[in-house]
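Per this note's numbering, residue 1 is the first one in the sequence shown, and the count goes up by one each step. Working notes for the structure below.
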Amino acid sequence: MLNNSNIMCSFSILLDISICKKISKTKIYLGGNMKKVFLALLIIIASSIFATTIYDIQYTTEPGTDGTYPSPLVEQEVTVTGIVTANNYYVSGNANRFFMTDPGGGVWHGIFVFNYDAETNIGDEVEVTGTVAEFYGVTELTDVTVSILGNGNPVPDPVSVTTADLASNEANEGVLVRVNNVSVTQLPDEHGQWYVDDGSGACQIDDQCFSYTPPAVGSTFGHIIGVVDYSYGEYGLNPRGEDDIEMTSADKNEVSFSARLNGCFPNPFVPTNSPANISFSVRKNTFVTIEIYNLKGQKVKTLTNRDFNVGSHTISWNGTNENDVSVTSGVYLYKMNADDFTTTQKIVVIK
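Printed below as a string of structure tokens:
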């Protein structure tokens with residue numbers, strides 16, 4: 001039944017709907033299945049409007065007490081959806097850590113996921129529920145559950161930045177970025193970190209996703225792409241593979257991608273429970289040396305010193321020195337040399 005002010009239907013809840021150019025209000029009564037459908041739609045719409053984004057977690061103008069710009073949502077549990085931009089990020093002997101971005105990409109739109117279980121691929125759409133944490137200046141999601149919603153999605157284009165901006169700007173943390181027309185200013189140190197400069201100021205290139213060795217100081221790259229992390233007071237760019245590195249034509253035949261140190265597991269480890277398994281790979285038949293050092297730089301033990309065939313390999317350390325005497329608890333370093341490739345990572349012994 002229709003009149004100037006009411007539409008009567010057999011529904012059960014009352015809504016006020018403004019009608020243009022009418023003073024009176026139309027009343028709609030919803031009931032039964034229609035009510036459930038309507039409420040479900042409201043929930044979906046509200047969830048979309050008020051869903052937490054990575055930008056919500058990352059964006060801040062407050063530097064914090066240590067100048068590392070902590071998240072405004074620190075210690076809160078959140079659920080975010082996004083696209084995996086980098087995987088196989090090695091830390092603490094595990095390779096399942098990854099980075100994700102809001103679908104549109106951009107500065108402040110990337111974050112590190114400290115994940116142990118789910119194996120992800122670049123381009124996966126994931127839903128992550130976890131706690132926002134600050135770990136020595138890095139904003140990350142911890143204690144997470146990860147659901148993979150889809151595969152093969154396009155990854156947002158990297159953000160082009162200067163090397164000086166990368167080295168100093170919190171907005172780039174966790175983001176897929178690109179530096180262009182850079183020259184090597186420093187070769188890799190004992191941690192596999194080296195430096196490039198586009199003329200604006202040097203930035204760090206790190207090897208947490210992919211290990212490589214630039215040919216020489218002064219070598220030039222058309223571009224380097226990677227995700228940005230933060231460690232020991234520096235932002236670093238982590239390429240994900242060879243495709244992220246474009247050498248200039250004069251240098252292409254000089255660069256070496258001969259080996260990779262993949263980390264160790266478990267780490268920390270208790271020698272009486274299980275050994276630490278150190279994983280590495282070589283792309284050609286290579287003579288490999290892996291040694292354990294203490295923090296004073298003293299060699300503790302040589303784990304291997306021989307030729308290895310192409311492929312992936314694992315070497316174990318049982319927590320003893322050259323005399324098979326158990327070492328004390330603490331932080332140690334394991335160093336890998338393979339032809340012109342050298343890198344070092346940390347390992348922690350617990351008694």
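Note that beta-carbon positions come from the ideal geometry of N, C-alpha and C, so glycine has one too.
Assigned exposure category for residue i - 16 Cβ within 10 Å defines buried
i      : result
PRO70  : buried
LEU149 : exposed
ILE347 : buried
PRO154 : exposed
ALA216 : exposed
THR272 : exposed
SER211 : buried
ILE23  : Residue placement at ILE23 cannot be trusted, given a pLDDT of 36 that sits under 50; what the coordinates show is reported in the next sentence. Classification of ILE23: exposed, given that the 10 Å Cβ count is below 16.
LYS25  : Low confidence applies to LYS25: its pLDDT is 44, below 50, so where it sits in the model is not reliable, and the reading given next is rough at best. Result: exposed.
LEU303 : buried
ASN267 : buried
Candidates the options, of which the one nearest residue i by Cα
i      : options                        : result
ASP157 : GLU242, ASP339, ALA86          : ALA86
VAL331 : ASP340, THR68, THR142, THR344  : THR344
ARG178 : ASN267, ASN238, VAL146         : ASN238
TRP108 : SER200, VAL227, HIS191, THR213 : VAL227
THR131 : ASN305, VAL146, ASN121         : VAL146
THR213 : ASN294, GLU77, LEU295, ASN337  : ASN337
GLY236 : GLN76, ASP66, TYR89, ASP339    : TYR89
ASN180 : GLY222, HIS191, THR129         : GLY222
THR81  : THR61, THR60, THR342, THR129   : THR129
TYR293 : VAL74, ILE315, LEU333          : LEU333
CYS209 : SER219, VAL182, THR320, LEU176 : LEU176
ASP340 : GLY263, THR314, LEU187         : LEU187
VAL78  : ALA276, THR65, ALA133          : ALA133
GLY174 : ASP143, GLY137, ASP124, GLY297 : GLY137
GLU75  : MET247, VAL144, GLU242         : VAL144
Continuous beta strand (DSSP E) stretch holding residue i: start and end
i      : result
LEU166 : Careful: LEU166 lies outside any beta strand (DSSP E), inside the alpha helix (DSSP H) at 163 to 168.
ASP307 : 299 to 308
GLN186 : 176 to 186
ASP143 : 138 to 150
CYS209 : Unbroken run through CYS209: none, as it is neither H nor E.
ARG260 : 259 to 265
ASN277 : 276 to 282
THR344 : 341 to 349
SER316 : 311 to 317
LYS296 : Unbroken run through LYS296: none, as it is neither H nor E.
ASP197 : 194 to 197
Residue i - containing alpha helix (DSSP H), residue span
i      : result
TYR354 : With the chain running from 1 to 351 in the structure shown, residue 354 is simply not present.
GLN58  : 54 to 58
C-beta atoms of residue i and residue j nearer than 8 angstroms
i      : j      : result
PHE269 : ILE205 : no
ALA202 : THR162 : no
THR101 : ILE122 : no
VAL325 : PHE308 : no
ASN96  : ALA118 : yes
ASP197 : SER219 : no
VAL310 : LYS284 : yes
THR68  : PHE114 : no
Would you say the stretch 270 to 284 touches the stretch 231 to 246, given that touching needs at least three Cβ pairs under 8 angstroms? no
Counting Cβ pairs closer than 8 angstroms, one from the stretch 104 to 121 and one from the stretch 54 to 64, do we hit at least three? yes
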